[in-house]
Every structure is written in C-alpha cells, then in structure tokens.
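Numbering (our numbering), first residue to last: 32 to 344.
The C-beta atom is built at its ideal place from N, Cα and C for all residues, glycine as well.
The structure appears right after this line, and notes come after that.
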C-alpha cells in the first residue's frame, strides 16, 4: 500500500517534498532527543544515597546551538512553504477556468462552453486549470488528494484552486469540511483526458451521458445517476426512513402529504417537479434542503431517474 496518493499534478511532488522534509526533521529530532534523554538518565543517575548532586552550570555554546539550529530549520521549512504556496496561487495567463458550485451534497461544474456536470470534473492533461468556487449553503472544502490541492468554499465569496494535471486517469474528489448528514457521501471524480479526448468530450452534447449507456435499460442509467448526482446522500432505496429525504422504495404512485396540508400522488409529473424544483412541494416532516436540479440534469437524465424510482417497488 502506498504511503501517499499517486502524484498526478505539477504541484503534488512539491507538497510531498515539504511533507517529507518536515517528517524527516521531526523524526530525527525525536530520535536525537530520546537518545540524549536516555543517555543522561543513565549517566547521571543516583548511584547511592550518598551520591552528591553534581553542580549544574550554564553552557552558552549549547544554549545558542539548540536555539539557532531549530530556528534555521523553521526558516527553511517556511521558505519552501512560501515559495510553493506562491507558485500554487499564481494564476497562469492561459489557465482554463471552470466554475465550481458546492451545495448539500454535491458538486456542480460549469465549463466555458456551457456544459454542466455533476460530481464529475473533466480536465485536459498538461493544461493549467483554475477552479473558481463558491458554496450555495454551508461551508464545504474541495480536496483532490492526487493533485495535493484543497480549498474551502464559502457563501457569497469566491475561492480558487490552480493545478495542472500530469497523468491521465480518474481521481477522487472529497469534501473535507463537515457539512451535514450527507457529508460522507459528498464525493466526486476528476477525469483527466488527453487533449484529443477532451476536445471530443467538450464538443459532445449534453445527451452523451445517456447515449453512452444506450445499451443499458433506462432504469439502470438512473441507478448510476442516483450515485453520481448525489441522490444517495439523502434518499435510501431500501425503505428505511429517517434520512434527510424520503426513501425512494415504493415511492412511485404513493400519496404524499405536504407541509401546506395539501396532498398529491407521486406520479411522473410530481417526481419531475420534485427533482427540478424541490421547494414547490415539501413532504410533511421533511426540511426544504434539497438542491434544485433544474438546468443541472437534462431531460433524458431526469427521465432515467424517474424510471429508476418506478423500479423500486
């Protein structure tokens, strides 16, 4: 098992260097101090009741030594940290900007050409990327271990991450700031593609997610979206209640009571409205915390989700 995640960005190896430097200094200092402590305990132990306590006087050289050396080490660590942090926060003039929106409990990525993805970030390899991020509700934190980048997302304020991916592949995204009941399910993936593959993906239509799964039944496509769109954070599929949102098992066709004392049947139209504008009808006993997916999921994706809900009998 690797001690650290794979190195997949230009910045990652520099972070690892500082980490290893601090670790080596800390371990070496600990071993040295432990050795000296044991040595002095043995050397100056009381050998008998008549053994006099030796006279202890100051030593200017030693006192200067153990003050100057740690100071130099701290300055070295600071300089490396400052240099790399300055490099990390410097924006490349050719950086490709992607807007990131965090909300309980999903990530939304908006690209310059108008495409939108949920919990799936697509970037080209060896291209400077700048993420412009904000939170729609509480404090979140965006972390990609393989890139060694992490940044908090705040409400009413933009924060930023800069990186250049160096290896093709799929890497994990985590939220590392506790943001509520669905925090542990607020994950995602970064897809690092070659320039050619990214250009092809970028030029594709919003229907590609469903078309790519054309060999699957529609409810199976919806099952995949249940995970990737973040629905798993709030809605169970085994009938268990008590979560942030109602269970999906047996939901279709069921009569729903709303907090305004009205009621309705959970048919296709109700499910579509609940996905696109969840605040339109709040089920009695639940809080209005679900994010709106209107403009985030396309028609085919919403239909696939509804078919998946219908299959959970």
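Considering only the alpha carbon of each residue, which of 336, 326, 44 lies closest to residue 111? 44
Sort out for me which residues DSSP pairs residue 131 with in a bridge. 140, 164
Determine the burial state of residue 229: buried for a count of at least 16 other Cβ atoms within 10 Å of its Cβ, exposed for fewer. buried
Starting from residue 322 and walking both ways along the alpha helix (DSSP H), at which residues does that stretch end? Per DSSP, residue 322 belongs to no alpha helix (DSSP H) and is neither H nor E.
Considering only their Cβ atoms, is the gap separating residue 40 from residue 195 smaller than 8 angstroms? yes
CB-CB length for residue 152 against residue 253, believed under 8 angstroms: No, residue 152 and residue 253 are not in contact; Cβ-Cβ is about 22 angstroms, not under 8 angstroms.
What is the DSSP secondary structure of residue 241, reduced to helix, strand or coil? Low local confidence applies: a pLDDT of 45 at residue 241 is under 50, so the model's placement there is unreliable, with the coordinate-based value given in what follows. If DSSP states are grouped into helix, strand and coil, residue 241 belongs with the helices.
Which class does residue 151 belong to by DSSP, given the choice of helix, strand or coil? strand
If you count every other CB in all the chains shown that lies within 10 Å of the CB of residue 258, and 16 or more means buried, which is it? exposed
Please say whether residue 37 and residue 177 have beta carbons closer to each other than 8 angstroms? yes
DSSP three-state label for residue 122, please. coil
Taking the C-alpha atoms as reference points, what is the distance between residue 212 and residue 157? 37 angstroms
Exposure label - residue 187; buried when at least 16 CB within 10 Å: exposed
Ordered along the chain, which non-local residues of its own chain (more than five positions away) have a Cβ less than 6 angstroms from that of residue 182? 173, 190, 192
So what's residue 203 in DSSP terms, helix, strand or just coil? strand
To the nearest whole angstrom, what separates the beta carbons of residue 136 and residue 261, a pair I think is in contact under 8 angstroms? 5 angstroms
Does the separation of the CB atoms of residue 289 and residue 320 fall below 8 angstroms? no
C-alpha distance - residue 118 paired with residue 337, whole-angstrom precision: 47 angstroms
Rounded to the nearest angstrom, how far is the Cβ of residue 335 from that of residue 256, given a contact under 8 angstroms? 6 angstroms
In the DSSP assignment, the alpha helix (DSSP H) including residue 249 goes from what residue to what residue? 249-259
Would you check if the distance between the CB atom of residue 264 and the CB atom of residue 282 is smaller than 8 angstroms? no
Please give me, in chain order, every unbroken run of the alpha helix (DSSP H) with length at least 4 that falls completely inside the region 254-293. none
Residue range of the alpha helix (DSSP H) that includes residue 79: Looking at the DSSP string, residue 79 is not in any alpha helix (DSSP H), and its letter there is neither H nor E.
Host alpha helix (DSSP H) of residue 231 (start-end): 226-234
Residues in the same chain with beta-carbon distance under 6 angstroms from residue 134, minus the five sequence neighbours each way, listed in chain order, please. 167, 168, 322
Under three-state DSSP, which class holds residue 38? coil
Measuring CA to CA, which of 72, 96, 104, 89 is closest to residue 59? 104
Tell me whether residue 324 is buried or exposed, calling it buried when 16 or more other Cβ atoms sit within 10 Å of its Cβ. buried
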